[in-house]
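What follows is a set of notes on a single structure, which appears directly below.
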Amino acid sequence: MAKQFSVALDDKPGELAKLAGALAEKGINIKTASQASLGGKGVVNLITNDEARTRDVLRTQKFSFSEDEVLVARLDDKPGALAQVAKNLAAARINIKALGLLSNAGPKVEVALAVDQPEKAKSIVK
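Listed below in structure tokens is the structure:
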């Protein structure tokens with residue numbers, strides 16, 4: 004499993020540039036990222052090529068962040084595939100904390116799921 008970092012940013016120009024620049028200065032590559040803002044705050048969810056150095060940069064630069072294990076689910080590229088995985092996790096009382104699209108090439112879609120019980124979710128998200 005990979006680590007996903009969720010970084011809180013102010014919803015204003017230049018915040019993403021600071022984050023991406025701090026990682027780039029240390030040679031850290033962002034493998035996947037998503038961002039959303041609501042109520043003046045934003046959250047960037049990212050997976051990088053170096054978890055330890057990412058953690059160090061975020062701490063050194065005093066970014067507010069959390070980290071979660073993510074599972075990769077390969078779903079059929081059709082309506083209802085994500086809904087079924089979400090229902091299965093909900094039935095097991097597993098909360099989905101974040102979702103990101105990794106790839107949608109071919110007949111399968113790969114999504115990264117950050118959940119509150121990753122070990123339990125592994126058997127559900129095969």
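Following my numbering, the numbering of the sequence shown begins with 4 at its first residue and continues without gaps. We put the beta carbon where it would ideally sit given N, CA and C, even for glycine.
For Q7, which residues from the same chain have a beta carbon less than 6 angstroms from its beta carbon, with the 5 sequence-adjacent residues on both sides left out?
Here residue 7 refers to the residue found at position 4 of the sequence shown. Cβ neighbours of Q7 beyond the five flanking positions: N48, I50, D71, V73, A117.
Going by Cα to Cα distance, which pick from G17, L85, G109, K125 is closest to G103?
Locating residue 103 in the sequence shown gives position 100, counting from the first residue. Closest option to G103, Cα to Cα, is L85.
In terms of alpha-carbon separation, which member of S67, V75, A101 lies closest to K44?
Locating residue 44 in the sequence shown gives position 41, where the first residue counts as 1. Comparing Cα-Cα distances from K44 to each of S67, V75, A101, the minimum goes to S67.
Count the other CB atoms, across all protein chains shown, that sit within 10 Å of the CB of A94; report buried if there are 16 or more and exposed otherwise.
As a position in the sequence shown, residue 94 is number 91, starting the count at 1. By the neighbour-count rule (16 or more Cβ atoms within 10 Å), A94 is not buried but exposed.
Paired residues, beta bridge with V47 - DSSP:
Walking along the sequence shown from the start, residue 47 turns up at place 44. Per DSSP, V10, Q38.
For K129 and T35, the rounded distance between their alpha carbons
As a first step, residue 35 must be located in the sequence shown, where it is residue number 32. As a first step, residue 129 must be located in the sequence shown, where it is residue number 126. Each residue's Cα considered, the two are about 21 angstroms apart.
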